[in-house]
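Report on the structure given below.
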Amino acid sequence: MGIKVSSDPQHSQSEWFFVPGTQALAATNLVLSQLFCNLEAGCSNPRPALYPRNLLEHKPCTGWVRGSASLWTCSALHLDSRPTPTALLPSSGSESNSHSAMSSCSRVALVTGANKGIGYTIVRDLCRLFSGDVVLTARDEARGRVAVQQLQAEGLSPRFHQLDITDLQSIRALRDFLRKEYGGLDVLVNNAGIAFQAADITPFHIQAEVTMKTNFDGTRDVCTELLPLMRPGGRVVNVSSMESLRALKSCSPELQQKFRSETITEEELVGLMKKFVEDTKKGVHQKEGWPSTAYGVTKIGVTVLSRIQARHLSEQRGGDKILLNACCPGWVRTDMAGPNATKSPEEGAETPVYLALLPPDAEGPHGQFVVEKRVEQW
């Protein structure tokens, strides 16, 4: 029995095999030019490679096994009985080098805060639905690797990279990894975030400062470093919350007008977020028109930041058709929301994954706040 290289979805009986003992490729019915297509343009690695046309229902899985056949190395892995994208790469060099060559030409999706809850489920869904590698990131490396192992036990193949979105050095290390391994980024899901429990006795001004540092400042820093890596057709999803809309409606009319402005700048938004934290320290936040919800205000920041970022993308990279949106996953049963929430993590992941996988010809949504896969009026 040979090592299966590919199965063309249009000709399911036509498969290529390495034939043991002969070090040759054998196939039925199809010629090589029909079964394989050239590597996508833009690969930074010049080594020749051929990819089979065997994406089935846009649900490929990627992986590596090593085989020998004269000048070529077979790279393939079959998961869940689905065809997978494979490559024939020159056998010179180490296996790790072969993986780097493959990675530099692969599409890649990345999810922050993904070792549990909604982020974990988003990674699982992307592993099943996204045509390319999926990188799971987590602040705690040990917990992140456990999450990867759990997904591998399900037959999925995520990669892991440590990321603390409150640490600029950590963000830049991830940026450098993506640049080196993939040359860019195709899908970014900013899911990482925190919230204090309602019964928490931590002083409100501390809650405001800590929550702002992660939810708004951290998300903004990730975008600052990674958005320049987004390739044409990329998708960016900033996970916000309906609490942002509720908090907005509890703001003073003056603040509401500022947050709804179509011309607000990122610098102006940053200034407003800083003012909220400073007002809580002075004990005057309510007098200044702010609601008493640190989480809600930080998510106002995320939603408005998304609107600003989308505007910039349209102005500066309009031809690249990158779509960026904020969304609310709903009230989901996680460590953050508690066991009484109405949605499962699987249900909570639906809208973020929908936005992450908007088809290539989609014109929108873009710069919107999306709830239950529908645009919510901001």
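Per this note's numbering, residue 84 is the first one in the sequence shown, and the count goes up by one each step.
From the three backbone atoms N, C-alpha and C, an ideal C-beta is built for every residue, glycine too.
The beta carbon of ARG242 is closer than 8 Å to those of ASP216, VAL217, VAL218, LEU219 and VAL231 in its chain, skipping five residues each way along the sequence. In the three-state reduction of the DSSP assignment, LEU246 falls in the coil class, being assigned neither a helical nor a strand state. Taking C-beta separations shorter than 8 Å and ignoring five residues to either side along the sequence, the partners of THR434 in its chain run CYS410, CYS411, PRO412, GLY413, VAL453, VAL454, GLU455 and LYS456, following chain order.
Non-local C-beta neighbours of HIS449 in its own chain, meaning closer than 6 Å and more than five positions away in sequence, comprise ALA393 and LEU406, ordered along the chain. Judged by their CB atoms, THR195 and VAL305 are nearer to each other than the 8 Å cut-off.
The beta carbon of GLU349 sits closer than 6 Å to the beta carbons of ILE391 from its chain, once the five residues preceding and following it are set aside; these are given in chain order. Comparing alpha carbon positions, the residue from LYS365, TRP373 and ASN298 closest to GLY276 is ASN298. Taking 8 Å as the cut-off, the beta carbon of THR363 is found closer than this to the beta carbon of ALA291. For PHE260, the enclosing alpha helix (DSSP H) begins and ends at 251-264. For ALA409, the enclosing beta strand (DSSP E) begins and ends at 406-411.
If you look at PRO443, you'll find it isn't in any alpha helix (DSSP H); DSSP assigns it neither H nor E. Taking the C-beta atoms as reference points, LYS382 is found no nearer than 8 Å to SER427. Beyond the five residues adjoining it in sequence on each side, GLU371 comes within less than 7 Å, by CB distance, of ASP362 in the same chain, given in chain order. Assigned with DSSP and collapsed to three states, ASN273 falls in strand.
Excluding residues up to 5 positions away in sequence, ARG190, VAL191, ALA192, GLY215, MET313, ARG314, GLY316, GLY317 and ARG318 lie with their Cβ nearer than 8 Å to the Cβ of ASP269 in the same chain. Excluding residues up to 5 positions away in sequence, ARG222 and SER253 lie with their Cβ nearer than 6 Å to the Cβ of ASP247 in the same chain.
Here THR302 is buried: its Cβ has 16 or more other Cβ atoms, across all protein chains shown, within 10 Å.
In the structure shown, LYS358 falls within a helical segment according to DSSP collapsed to helix, strand and coil. Only residues of its own chain outside the window of five on either side were considered, and among them GLU224 have a CB closer than 6 Å to the CB of GLN245, listed in chain order. Apart from the 5 residues on each side of it in sequence, CYS210 sits with its Cβ closer than 8 Å to the Cβ of CYS144, VAL217, LEU234, LEU239, SER240 and PRO241 in its chain, given in chain order. Inter-residue distance for ALA278 and THR285 is about 12 Å (C-alpha atoms, whole angstroms).
It is roughly 20 Å from the alpha-carbon of GLU351 to the alpha-carbon of LEU310. The three-state reading of DSSP puts THR220 in strand, counting E and B together.
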